[in-house]
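Protein chains in written order, with this note's numbering: chain A, 2 to 639; chain B, 4 to 283. Even for Gly, the Cβ is constructed at its ideal location relative to N, Cα and C. All values derive from a computational prediction rather than experimental measurement. Some notes on the structure that comes next.
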Amino acid sequence: MATTAPPPAAELFPAVRRTPLPGGYMGKLLRVDLSSGRCWDENLPEEPVLRKLWGGQALATYILLHLLPLDAEPLSPENPVIMMTGPVAGTGLTPGGTKMTAVFLSPATHRTLGRAATSGFWASALKEAGYDGIIITGVADRPTYIYVDDGRVELRDASRVWGLGTRATEDALRAEVGHQDARVAAIGPAGEHLVHAAMLVNDYNHAAAHGVGTILGYKKVKAIVARGTQRPPIRDKARLLDAGARWRKALKPLTFKIEARHTVGHARAWGAITKRNWRETIITPEDAKGFDQNQITPRPCFQCPRLCPWDAVIGEGPHKGTVVHFDAGSEWIDTFINLGLQGNDVLYMAERINDLGIECSHYADGAGLAFEAWEKGLLGPDRTDGLELTWGNLDAIERLLERCARREGWLGNLLADGPKELAEALGGDAPKWVVHTKGGTPAQHDWRPLIGQMLRELVASGGMKPQGGGSKEPPPDLRYREQWGPLADDQPDGWAWSQILSEQHRQFCGQMGACWFAQNANAPDGLNSMVDALSATTGWDVTLDEALDTGHRSMLLQSIFATQRGWRAEDDYTDVGPRFLEPVPDGKYQGFTIARWLPDLIYEYYRLSGRHERSGRPYRSTLARLGLDEFDAWSEPE
Amino acid sequence: MTAAPIPTIAPPPMPVPTDGRPYPVARLLDGQARSILFDAAKCIGCRQCVEACKDWNELPRGNSYTLNPSTWLVMEPPVLEGLASVWGRHSCQHCEYPVCAAVCPVEAITKYEEGPVVIDPVTCIGCEYCIHACPWHVISKSDVTGKATKCTGCPERVAVGQSPFCVQACPVEALDFGLTSAIARQAEERAAAVHGTVYGARAAGGTHVLHVLTHAPADHGLPRVSARRYPKHHIPLGVKLGGLFRLTGGPRGKMRAVTNAIRKPWRLGYRYWHRPQRAD
Chain A
2 MATTAPPPAA
12 ELFPAVRRTP
22 LPGGYMGKLL
32 RVDLSSGRCW
42 DENLPEEPVL
52 RKLWGGQALA
62 TYILLHLLPL
72 DAEPLSPENP
82 VIMMTGPVAG
92 TGLTPGGTKM
102 TAVFLSPATH
112 RTLGRAATSG
122 FWASALKEAG
132 YDGIIITGVA
142 DRPTYIYVDD
152 GRVELRDASR
162 VWGLGTRATE
172 DALRAEVGHQ
182 DARVAAIGPA
192 GEHLVHAAML
202 VNDYNHAAAH
212 GVGTILGYKK
222 VKAIVARGTQ
232 RPPIRDKARL
242 LDAGARWRKA
252 LKPLTFKIEA
262 RHTVGHARAW
272 GAITKRNWRE
282 TIITPEDAKG
292 FDQNQITPRP
302 CFQCPRLCPW
312 DAVIGEGPHK
322 GTVVHFDAGS
332 EWIDTFINLG
342 LQGNDVLYMA
352 ERINDLGIEC
362 SHYADGAGLA
372 FEAWEKGLLG
382 PDRTDGLELT
392 WGNLDAIERL
402 LERCARREGW
412 LGNLLADGPK
422 ELAEALGGDA
432 PKWVVHTKGG
442 TPAQHDWRPL
452 IGQMLRELVA
462 SGGMKPQGGG
472 SKEPPPDLRY
482 REQWGPLADD
492 QPDGWAWSQI
502 LSEQHRQFCG
512 QMGACWFAQN
522 ANAPDGLNSM
532 VDALSATTGW
542 DVTLDEALDT
552 GHRSMLLQSI
562 FATQRGWRAE
572 DDYTDVGPRF
582 LEPVPDGKYQ
592 GFTIARWLPD
602 LIYEYYRLSG
612 RHERSGRPYR
622 STLARLGLDE
632 FDAWSEPE
Chain B
4 MTAAPIPTIA
14 PPPMPVPTDG
24 RPYPVARLLD
34 GQARSILFDA
44 AKCIGCRQCV
54 EACKDWNELP
64 RGNSYTLNPS
74 TWLVMEPPVL
84 EGLASVWGRH
94 SCQHCEYPVC
104 AAVCPVEAIT
114 KYEEGPVVID
124 PVTCIGCEYC
134 IHACPWHVIS
144 KSDVTGKATK
154 CTGCPERVAV
164 GQSPFCVQAC
174 PVEALDFGLT
184 SAIARQAEER
194 AAAVHGTVYG
204 ARAAGGTHVL
214 HVLTHAPADH
224 GLPRVSARRY
234 PKHHIPLGVK
244 LGGLFRLTGG
254 PRGKMRAVTN
264 AIRKPWRLGY
274 RYWHRPQRAD
């Protein structure tokens, strides 16, 4: 296998900066080596690297490419967790300046980038503590939590909270550090037991998924607690105030209303939801029965007006009085509706899964498969430890979830590994019934009727929450160079390019430290206001074209990382659970599938993004155009 | 869209007839009184107003659950956003008759006709009289500068027709700002709609922050304050003696305080033998 020739880490983190630090950055990365118990500060890379990548996923992946040996395993001391914010995070003067993205080698796929992103108050707390990001390497010899207190770092004993759920851990550690406003990101029992899709949960309502909790659990890191008094310097405050106000205006139409919480959520947008392991899709009023009796309170992220996160006090039925906390998406609703639950049983279980710290689609698709196998006689009580896996059996769903979180029993252990592993262990026809993408799981919505979203899920880095999805017409701010559409819902023409554009602008959103839920690309000024906010913060003069290129760099670094570990573009359609590509079974989209256009649609996607359609490797000219020549060794000869 | 100018300091006061008041009174814009409305029935405790205050004034982040030199506005109770259901706003009430200004030995606190009560950090000598006189205990002293600090009411924004920065930051419209007459009407209507009460309209002779409360003031973290102007205060004897005998504010500060006492001896009454005044 070829090797890259990256600059050594010492050059990546200069001992003394030779270039001025742009605005928005704190200028420091926290290095934590758990094996030696050592913590130290590194300077952020020099300005040209920052200008090229900004921050977030791209900068973190760039560092990961330099730090991670090619033969490292996901669960090994060498696999770091690299958390990165961006310059706009924590300024307080824009919506959505809340994003932290963590990267690592995925424990679900073993060969692609794991990317875990979260919002809430975690990114701003980290910057208040004085850091743009954290690099965690090694393995601790006992349960540990990292406490970052205004630039002072401690590794503390976490034995007292080991075994606790994410909510109880957050409460206990906040009390222990003695600062009411300290922010906590914690893993639950699932992370401790190395469930392959364990999450890191912060601020009650937020979770970073795709296995970051697994890696932290392996490292015996129960939590990271941060607080501080620092704020990122801003180069042009007046311009940032103006850009932030424009951004707020563009975002306003997307503000969540309380009434949205009385429904099954995002699935309503196109009218299909996952039921009985993706074998039914029709939404019925019973699915959201009782939601309108819940007391809903928005729990917005740091200085963001979109009001995505929300709490509810369940107002009826057996769970009356239970408090539940959710963030922006609604995959957890699809998750438990997929297992036959309805009404507030769904919200109750969603709270349980967030407390245990498991990515909901991981359980939805694993347990969904197990329930289907039970229904079809492939799985009996001998391997479920007596649980009756009948659809909608709340008790069985809850007990099975607990077993999955702690790897208890034959089935619990396989559910912890993932749906693909469970399907193989079940044997028979089970591998035909499973949903997965490269061993990970897609965000739990029934995307099958939607061409752009399906393409996005398939080309993502193995089940991680993907970016993009395309739009029927170009975003208004891009019409100076993009004139196409409207694209047809039932024809593939144009969707590959639309996906690439949307992936670029979603990527650059995260790279500046902003949340893609706070990006309204479909509104005039939705993209330009963000780019102007970045320029005002950093002192750069960034154009929208440059921003899209920056997003493109992040896409390429993500695939270069996977290329180095044996991934090929063809895995995107060959290593997929067949149920995900089956025709929609019922409802208004019955019979529709994008499988009829595969693999051509995936080939087109890679070709148009400057990569080889089969290998997925970027062409040398693509790397040269984007200034990523240092990765030439991983390019495709032209 | 062009960037709004950001005045870095409050505009120079335009002197207006002081009506015999024991502090400077000045005009920012048009002389029409304005008020902030805080609607506790809508508040979700997200603290975006708190951080916005810090952003506008470039105060350090953190320590945002108690009033201190880097936090001029807090939400009560001092717990995480998800851990309470009844919230209160605790910051300067911008009294119509500010007792903090009345007790200031150097007249460092100005009352603007539009509402804001503003401490001039250059003039302040750090004597702490105002800190103890304030019925809402919203003034604190900076360890770094030795000066008194508190919410300014964003006079630089009000002077150009904008609302205070905390108000524009609220994501659930629990804060509003406008002419006092309209805000007072709005407060009464909202209080009637939510079966609540209005707080702040009469306290200390009237204030420029009105609260719509759903529970008793104490449940929102608010004290009961007499309706009399310049309510009774308890400046500790030690602080009074210190003000008299120490070189508070350095020789220049002391000189200003002494000169003020000689030129306006009637102001001393507000400090040393204060009697609250009956409201109209």
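- Interface with chain A (8 Å Cβ-Cβ cutoff): glutamate 79 of chain B is excluded.
- For proline 279 of chain B, there is no enclosing alpha helix (DSSP H), as DSSP marks it with neither H nor E.
- Taking C-beta atoms as the reference points, threonine 113 of chain A and lysine 439 of chain A count as a pair closer than 8 Å.
- Three or more pairs of CB atoms, one per stretch, sit closer than 8 Å, so the stretch 16–34 of chain A contacts the stretch 135–145 of chain A.
- Annotation: arginine 482 of chain A to aspartate 42 of chain B spans about 46 Å, alpha carbon to alpha carbon.
- Residue-level contact check: glutamine 231 of chain A touches chain B, since one or more beta carbons of chain B fall below 8 Å from its beta carbon.
- Residue burial annotation: isoleucine 338 of chain A is buried, with at least 16 other C-beta atoms found within 10 angstroms of its C-beta.
- The beta-carbon separation of tyrosine 148 of chain A and valine 226 of chain A, rounded to 5 Å, stays under the 8 Å limit for a contact.
- Under the DSSP assignment, glutamate 458 of chain A falls in the alpha helix (DSSP H) whose first and last residues are 452–460.
- Closest by C-alpha distance to glycine 98 of chain A, out of A/Phe122, A/Asp490 and A/Ala117, is A/Phe122.
- For tryptophan 411 of chain A, the enclosing alpha helix (DSSP H) covers residues 410–418.
- With a threshold of 16 other beta carbon atoms within 10 Å, alanine 625 of chain A falls short and is exposed.
- Note on the stretch 116–179 of chain A: whole beta strand (DSSP E) runs with a minimum of 3 residues are 134–138, 145–150 and 153–158, in chain order.
- Taking 8 Å as the cut-off, the Cβ atoms of asparagine 203 of chain A and valine 178 of chain A do not count as close.
- Taking CB atoms only, threonine 298 of chain A has a neighbour in chain B less than 8 Å away.
- The beta carbon of glycine 322 of chain A is closer than 8 Å to those of Val314 and Ile315 in its chain, skipping five residues each way along the sequence.
- Under the Cβ criterion of 8 Å, glutamate 177 of chain A is not counted among the residues facing chain B.
- Rounded to the nearest whole angstrom, the CA to CA distance from proline 310 of chain A to alanine 36 of chain B is 37 Å.
- Taking 3 residues as the minimum length, the beta strand (DSSP E) runs contained wholly in the stretch 27–97 of chain B are 28–30, 37–42, 76–79 and 91–94, in order along the chain.
- Tyrosine 590 of chain A has no beta-bridge partner at all, per DSSP.
- Looking at A/Tyr26, A/Ala90 and A/Trp485, the one whose alpha-carbon comes closest to that of glycine 245 of chain A is A/Ala90.
- Those residues of the stretch 195–228 of chain A placed with their C-beta closer than 7 Å to a C-beta in chain B are Tyr205 and Arg228, ordered along the chain.
- By the 16-neighbour rule on beta-carbons within 10 angstroms, isoleucine 235 of chain A is buried.
- Burial check for glycine 212 of chain A: the Cβ neighbour count within 10 Å reaches 16 or more, so the residue is buried.
- In this structure threonine 544 of chain A is exposed. Its beta-carbon is surrounded by fewer than 16 other beta-carbon atoms within 10 angstroms.
- Listed as beta-bridge partners of methionine 101 of chain A by DSSP are A/Thr119.
- Neighbours of proline 301 of chain A in chain B, taken as residues whose beta carbon is under 9 Å from its own, are Ile47, Cys49, Gln51, Glu84, Pro174 and Val175 in chain order.
- By the beta-carbon neighbour count (other beta carbons within 10 angstroms, threshold 16), phenylalanine 509 of chain A is buried.
- Taking 8 Å as the cut-off, the Cβ atoms of proline 299 of chain A and leucine 308 of chain A count as close.
- Any Cβ of chain B closer than 8 Å to the Cβ of histidine 326 of chain A would place that residue at the interface, and such an atom is present.
- Look at the beta carbons and you see the stretch 138–149 of chain B not touching the stretch 165–184 of chain B: under three pairs across the two are nearer than 8 Å.
- Relative to leucine 45 of chain A, the option among A/Pro78, A/Pro88 and A/Asp72 whose CA is nearest is A/Pro88.
- Taking 8 Å as the cut-off between beta carbons, the residues of the stretch 57–76 of chain B near chain A are Lys57, Asp58, Glu61, Pro63, Arg64, Gly65, Asn66, Ser67, Tyr68 and Ser73, in sequence order.
- In this structure phenylalanine 248 of chain B is exposed. Its beta-carbon is surrounded by fewer than 16 other beta-carbon atoms within 10 angstroms.
- In this structure, isoleucine 334 of chain A lies away from cysteine 405 of chain A, with their beta-carbon atoms at least 8 Å apart.
- Distances from the CA of threonine 551 of chain A to each of A/His67, A/Pro70 and A/Gln505 were compared; the closest alpha carbon is that of A/Gln505.
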